[in-house]
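This report concerns only the one structure given below.
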Amino acid sequence: MFAELLATSSFSFLRGASHPSELVLRAQELGLSAIAICDRDGLYGSARAFATARENKQRYITGAELTLASSLKRRSTRRAKKPAQLELAEPTLALLCETHQGYQNLCRLLTLAHADLPKGESELDLAWLESRAAGLWALIPAPQRPGDRATPDEHDLRSIKAAFGARAAIVMYRHFDGFDDARLDWTLTVAKKHDYRVIASARPLFHEPNRKQLCDVLHAIRLGTTLDRAGTLLSGNTEAYLRSEKEMQQLFFDHSEWIEAAGELGQALTFQLDELKYQFPCSLEPGESADEKLERITWQGLATRYPNGTPENVSAQVVKELTLIKKMDVARYFLSTWEVVQMAREKRILCQGRGSAANSAVCYAIGVTAVDPEHSNLLFERFLSEERKNEPPDIDVDFEH
Numbered sequence: 292m293f294a295e296l297l298a299t300s301s302f303s304f305l306r307g308a309s310h311p312s313e314l315v316l317r318a319q320e321l322g323l324s325a326i327a328i329c330d331r332d333g334l335y336g337s338a339r340a341f342a343t344a345r346e347n348k349q350r351y352i353t354g355a356e357l358t359l360a361s362s363l364k365r366r367s368t369r370r371a372k373k374p375a376q377l378e379l380a381e382p383t384l385a386l387l388c389e390t391h392q393g394y395q396n397l398c399r400l401l402t403l404a405h406a407d408l409p410k411g412e413s414e415l416d417l418a419w420l421e422s423r424a425a426g427l428w429a430l431i432p433a434p435q436r437p438g439d440r441a442t443p444d445e446h447d448l449r450s451i452k453a454a455f456g457a458r459a460a461i462v463m464y465r466h467f468d469g470f471d472d473a474r475l476d477w478t479l480t481v482a483k484k485h486d487y488r489v490i491a492s493a494r495p496l497f498h499e500p501n502r503k504q505l506c507d508v509l510h511a512i513r514l515g516t517t518l519d520r521a522g523t524l525l526s527g528n529t530e531a532y533l534r535s536e537k538e539m540q541q542l543f544f545d546h547s548e549w550i551e552a553a554g555e556l557g558q559a560l561t562f563q564l565d566e567l568k569y570q571f572p573c574s575l576e577p578g579e580s581a582d583e584k585l586e587r588i589t590w591q592g593l594a595t596r597y598p599n600g601t602p603e604n605v606s607a608q609v610v611k612e613l614t615l616i617k618k619m620d621v622a623r624y625f626l627s628t629w630e631v632v633q634m635a636r637e638k639r640i641l642c643q644g645r646g647s648a649a650n651s652a653v654c655y656a657i658g659v660t661a662v663d664p665e666h667s668n669l670l671f672e673r674f675l676s677e678e679r680k681n682e683p684p685d686i687d688v689d690f691e692h
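Going by the working numbering, the final residue of the sequence shown carries number 692, and the count climbs one at a time with no gaps.
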């Protein structure tokens, strides 16, 4: 079944005219096997798109479309900001996540592309791809007008192929804008010369044709002009909408294999955002687990807090807490917080834990809070409870300004 792998949402600021949720829900209505929203230079709409997709049992693929730095210049020699009508004059590269490692690499590439540039600008240096291509697929959108400055040059094509190998493809689309034949010729020539596979896409900017007028308004605002003066800078039709497999078969009657290739690739891109689980950073001794270290520093802390011996009720409370912390796999969170507090105190920065964390004997033992559990009726469940499995603990620490 066909998968749309190059959709653009309203999170591509002033480019796309549909919300991520609208694209996902429309993809489900059309019976698409999957949809990838590749917003320009960021993952801005991915969280909302994924949430909608999960709720409605629609497969969602995480990706982004990055602006390439011209092979004729480097970031240190950037020209002045281009006029509005030339703003699309750099080629782009869509990167889709196949694995968790691919997601990590995509996030790193986006960070590098935005670094040291004014807000809203981004440039991906192809040299970065060599060490950060793992777990990603690279899709090269066929240029809107082949031969213009938005067309990838030979250096770009060779670099992308070298970095991704068989995990690189050309994306062909037809918008009946007078350049379909030129795009097809360019796609066939590049695919043969550089051994790229080809996939088909509707390259949608909106989920339904009736959003075209809104899309025109957004583009005119981005270009800093009026609808009357925009002229050929705006699309002359409504063809940039999300299509069903049947519509794509009609559109690509002469290359149905490209539609099948899009569906096959959509099935291969298995990474999902719910695989992500934040691992709080902490320093561990060789061979020591986070739970073991937390237990060690807790009992060491109790020995300091109670030099004459830890009261039985406090010891029992600590054992209870450590058991639950281990069961919920949150020891790293406690250790990370403890390390931050240790750094602050080494620098003589006043700090103090507060809030519900004051109900924890472990937090008191490791010096994060100052409420003595021997003299308090602690309600640890207010701080951490097994019944709230999806809620991590929340240790609030105040630091002097």
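Cβ atoms here follow ideal geometry from the backbone N, Cα and C, with glycine treated the same way.
All of these numbers come straight from a predicted model, not from anything done at the bench.
Practice problem: Work out the CA separation of residue 494 and residue 467 for me, nearest whole Å. | Solution: By 1-based counting over the sequence shown, the position of residue 467 is 176. By 1-based counting over the sequence shown, the position of residue 494 is 203. The straight-line gap from Cα to Cα measures roughly 12 Å.
Practice problem: Could you pull out every residue in the same chain whose Cβ sits closer than 8 Å to the Cβ of residue 677, ignoring the five residues on either side in sequence? | Solution: The residue labelled residue 677 in the question sits at position 386 within the sequence shown. Result list for residue 677: 615, 618, 619, in chain order.
Self-check item: CA nearest to the CA of residue 552, picked from 320, 487, 573, 583
Solution: For the purposes of this step, residue 552 is identified with residue 261 of the sequence shown, where counting begins at 1. Closest option to residue 552, Cα to Cα, is 487.
Quiz item: Can you round the beta-carbon distance between residue 359 and residue 472 to whole angstroms, since I take them to be within the 8 Å contact cut?
Solution: In the sequence shown, residue 359 corresponds to position 68, counting from 1. In the sequence shown, residue 472 corresponds to position 181, counting from 1. With a Cβ gap of about 25 Å, residue 359 and residue 472 do not count as contacting.
Quiz item: Measuring from the CB of residue 688, is there a heavy atom of the ligand PLP at a distance below 6 Å?
Solution: Annotation note on the ligand PLP: not contained in the displayed structure, which lists no ligands.
Exercise. Ignore the nearest five residues each way along the sequence and tell me which others in residue 647's own chain have a CB closer than 7 Å to its CB.
Key: Mapped onto the sequence shown, residue 647 falls at position 356. Cβ-Cβ distances below 7 Å link residue 647 to 673, 674, 685 in the same chain, with the five nearest sequence neighbours on each side left out; the list follows chain order.
Quiz item: Taking the alpha-carbon positions, what's the residue 667 to residue 652 distance?
Solution: Translated into the one-based positions of the sequence shown, residue 667 becomes position 376. Translated into the one-based positions of the sequence shown, residue 652 becomes position 361. Linking residue 667 to residue 652 through their CA atoms gives a straight-line distance of about 10 Å.
Self-check item: Buried versus exposed call for residue 566 [16 or more other C-beta atoms within 10 Å across all chains shown]
Solution: What you label residue 566 is simply residue 275 of the sequence shown in a count that begins at 1. Exposed: under 16 other Cβ atoms inside 10 Å.
Practice problem: Throw me the rounded Cβ distance for the residue 330 and residue 355 pair, which I believe falls under 8 Å. | Solution: Position 39 of the sequence shown, counted from the start, is the residue given in the question as residue 330. Position 64 of the sequence shown, counted from the start, is the residue given in the question as residue 355. Right, the Cβ-Cβ distance comes to about 6 Å (below 8 Å), so this counts as a contact.
Quiz item: In its own chain, which residues sit with a C-beta less than 7 Å from the C-beta of residue 562, not counting the 5 before and 5 after it?
Solution: As a first step, residue 562 is located in the sequence shown; it is residue number 271 there, counting from the start. 353, 388, 389, 390, 391, 393, 394.
Quiz item: What did DSSP end up calling residue 332 once you bin it into helix, strand or coil?
Solution: Mapped onto the sequence shown, residue 332 falls at position 41. Looking at residue 332 - three-state DSSP - the assignment turns out to be coil, as it is neither helix nor strand.
Quiz item: Shortest alpha-carbon distance to residue 549 belongs to which of 590, 501, 475?
Solution: Locating residue 549 in the sequence shown gives position 258, where the first residue counts as 1. The candidate whose alpha carbon is nearest that of residue 549 is 475.
Exercise. Work out the CA separation of residue 492 and residue 539 for me, nearest whole Å.
Key: Along the sequence shown, one-based indexing puts residue 539 at 248. Along the sequence shown, one-based indexing puts residue 492 at 201. Spanning the two alpha carbons is a distance of roughly 8 Å.
Self-check item: Of the residues 419, 402, 407, 477, the one placed nearest residue 439, counting alpha carbons only
Solution: In the sequence shown, residue 439 corresponds to position 148, counting from 1. With distances taken between Cα atoms, residue 439 lies closest to 477.
Quiz prompt | residue 296 - partner residues in DSSP beta bridges | solution = Position 5 of the sequence shown, counted from the first residue, corresponds to residue 296. Beta-bridge pairing links residue 296 to no other residue.
Practice problem: Could you check the C-alpha separation between residue 308 and residue 546 for me, to the nearest Å? | Solution: Numbered from 1 along the sequence shown, position 17 holds the residue referred to as residue 308. Numbered from 1 along the sequence shown, position 255 holds the residue referred to as residue 546. Computed Cα separation, rounded: 29 Å.
Exercise. Could you check the C-alpha separation between residue 351 and residue 435 for me, to the nearest Å?
Key: Residue numbering aside, residue 351 sits at position 60 when the sequence shown is read from its first letter. Residue numbering aside, residue 435 sits at position 144 when the sequence shown is read from its first letter. Residue 435 has its alpha-carbon roughly 26 Å from the corresponding atom of residue 351.
Self-check item: One or two residues paired with residue 690 in a DSSP bridge
Solution: Along the sequence shown, read from residue 1 onward, the residue named residue 690 stands at position 399. 642, per the DSSP bridge assignment.
Self-check item: Contact between the region 655–662 and the region 625–642 (3+ Cβ pairs under 8 Å)
Solution: When C-beta atoms of the region 655–662 are compared with those of the region 625–642, three or more pairs fall below 8 Å, so the two segments count as touching.
Practice problem: Could you spell out where the alpha helix (DSSP H) holding residue 694 opens and where it closes? | Solution: The requested residue 694 does not occur in the structure, where the chain is confined to residues 292 to 692.
Practice problem: Tell me whether the beta-carbon of residue 296 lies closer than 7 Å to the beta-carbon of residue 342. | Solution: Translated into the one-based positions of the sequence shown, residue 296 becomes position 5. Translated into the one-based positions of the sequence shown, residue 342 becomes position 51. No. Outside cutoff.
Exercise. Assuming residue 573 and residue 612 form a contact by the criterion Cβ under 8 Å, report the distance between their Cβ atoms to the nearest whole angstrom.
Key: Taking the first residue of the sequence shown as position 1, residue 573 is located at position 282. Taking the first residue of the sequence shown as position 1, residue 612 is located at position 321. Residue 573 to residue 612, Cβ: 18 Å. No contact.
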